[in-house]
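Engineer: Sharing a structure here in structure tokens format.
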Amino acid sequence: MAKVDKKHTITHIIFDFDGVLIDSERQYSVANTKCLALFGRIFTVEMKNAQMGRKKAESVEVLLKMNGLNGSVTVNDYMRRYDLMLEEFIPQAVELPGASKLINHFHAHNLPLAICTGSDTEEFALKMRNYSHWLDKIPFKQVVLSGSDPEVKNGKPHPDPYLVTLTRFPVPPASPKSVLVFEDSVNGARSAITAGLTVIMVPQKEFLPANWEEVRQELEPQLAEILESLEEFVPEKYGLPAFC
Numbered sequence: 000m001a002k003v004d005k006k007h008t009i010t011h012i013i014f015d016f017d018g019v020l021i022d023s024e025r026q027y028s029v030a031n032t033k034c035l036a037l038f039g040r041i042f043t044v045e046m047k048n049a050q051m052g053r054k055k056a057e058s059v060e061v062l063l064k065m066n067g068l069n070g071s072v073t074v075n076d077y078m079r080r081y082d083l084m085l086e087e088f089i090p091q092a093v094e095l096p097g098a099s100k101l102i103n104h105f106h107a108h109n110l111p112l113a114i115c116t117g118s119d120t121e122e123f124a125l126k127m128r129n130y131s132h133w134l135d136k137i138p139f140k141q142v143v144l145s146g147s148d149p150e151v152k153n154g155k156p157h158p159d160p161y162l163v164t165l166t167r168f169p170v171p172p173a174s175p176k177s178v179l180v181f182e183d184s185v186n187g188a189r190s191a192i193t194a195g196l197t198v199i200m201v202p203q204k205e206f207l208p209a210n211w212e213e214v215r216q217e218l219e220p221q222l223a224e225i226l227e228s229l230e231e232f233v234p235e236k237y238g239l240p241a242f243c
């Protein structure tokens with residue numbers, strides 16, 4: 000059963016993007032696998048989890064350090080190679096089950112929507128080629144691109160990305176707890192929790208860290224719930240209108 004603070008009515012919704020709305024985390028993994036192979040390194044799930052949710056440059060810096068490449072490969076050099084590979088793979092990212100259903104449902108009931116992602120402007124534009132129709136329901140001014148937004152000083156797992164996203168709503172929420180967040184990554188969940196929001200985690204099984212059970216025990220008491228898919232979401236648990 001969802002652990003919801005009954006004192007706060009959910010009035011606003013924030014989605015992470017990668018791994019929540021579209022299945023782009025696979026494409027990131029393919030691009031990193033191929034890019035690291037150029038330097039004789041192997042991309043692992045542990046590296047994936049260390050990167051997820053972070054600003055792009057921060058995530059590359061973490062990856063280079065984990066592979067002992069930070070002294071020989073610059074962040075910009077890695078990103079140049081990575082971006083070329085990403086351009087090939089990211090358009091293949093498919094919508095995750097339940098994504099459009101939730102966006103359409105929340106929009107139909109006049110709930111303000113936002114996106115909070117670690118992507119930068121160019122990367123987000125690439126991913127949105129097939130999903131630009133979502134911006135009819137989620138105004139671009141309510142899309143926070145942590146990778147390039149000057150107001151976001153520190154990326155996830157710091158609270159900055161979500162705190163900045165709160166300021167982008169034309170009518171701010173009465174309380175952070177009135178904002179429902181959908182996140183897939185540990186870094187993202189920690190970011191939203193630290194920002195004081197109500198957080199649902201929807202992790203992708205193939206990207207769970209090796210110590211997931213330990214991490215789950217740490218995070219679960221602070222989460223509203225953990226779902227296997229957006230399709231499992233029950234609006235009534237949060238005082239929201241039921242699906243028709």
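Sequential numbering of the sequence shown, starting at 0, is according to numbering that gives the first Met the number 0. No residue lacks a Cβ here, since even glycine has one placed at the ideal position from N, Cα and C.
Taking proline 96 as the reference, which of Val19, Arg167, Gln50 has the closest Cα?
Structural biologist: Of the candidates Val19, Arg167, Gln50, the one whose C-alpha sits nearest the C-alpha of proline 96 is Val19.
Engineer: Where leucine 110 and glutamate 205 are concerned, what is the direct C-alpha to C-alpha distance, given to the nearest angstrom?
Structural biologist: Near 32 Å, if we compare the C-alpha coordinates of glutamate 205 and leucine 110.
Engineer: What is the DSSP secondary structure of phenylalanine 16, counted as helix, strand or coil?
Structural biologist: The answer is coil: DSSP assigns phenylalanine 16 none of H, G, I, E or B.
Engineer: Could you pull out every residue in the same chain whose Cβ sits closer than 8 Å to the Cβ of aspartate 15, ignoring the five residues on either side in sequence?
Structural biologist: Excluding sequence neighbours, aspartate 15 sits near Gly52, Ile114, Cys115, Thr116, Val180, Phe181, Glu182, Asp183, Ser184, Gly187.
Engineer: Can you name, in chain order, every residue of its own chain whose Cβ lies under 7 Å from the Cβ of proline 160, other than the five neighbours on each side?
Structural biologist: Excluding positions up to five away in sequence, the list reads Cys115, Val143, Ser145, Val151, Gly154, Ser190.
Engineer: Taking a contact to mean a Cβ-Cβ separation below 7 Å, would you say isoleucine 9 touches glutamate 94 in this structure?
Structural biologist: Going by C-beta atoms, isoleucine 9 is not nearer than 7 Å to glutamate 94.
Engineer: Rounded to whole angstroms, what is the Cα-Cα separation between valine 170 and phenylalanine 38?
Structural biologist: Whole-angstrom Cα-Cα distance: 49 Å.
Engineer: In the DSSP assignment, what are the bridge partners of histidine 11?
Structural biologist: Looking at the DSSP assignment, histidine 11 forms a beta bridge with Val178.
Engineer: Verify the CB distance criterion: does serine 131 have a CB-CB separation below 7 Å to chain E?
Structural biologist: The structure shown contains no chain E, having only a single protein chain.
Engineer: Tell me which residue opens and which closes the alpha helix (DSSP H) that leucine 101 is part of.
Structural biologist: Unbroken alpha helix (DSSP H) run through leucine 101: 98 to 107.
Engineer: Comparing alpha-carbon positions, which option in Glu219, Leu35, Pro220, Ala98 lies nearest aspartate 82?
Structural biologist: Ranking the options by Cα distance to aspartate 82, first place goes to Leu35.
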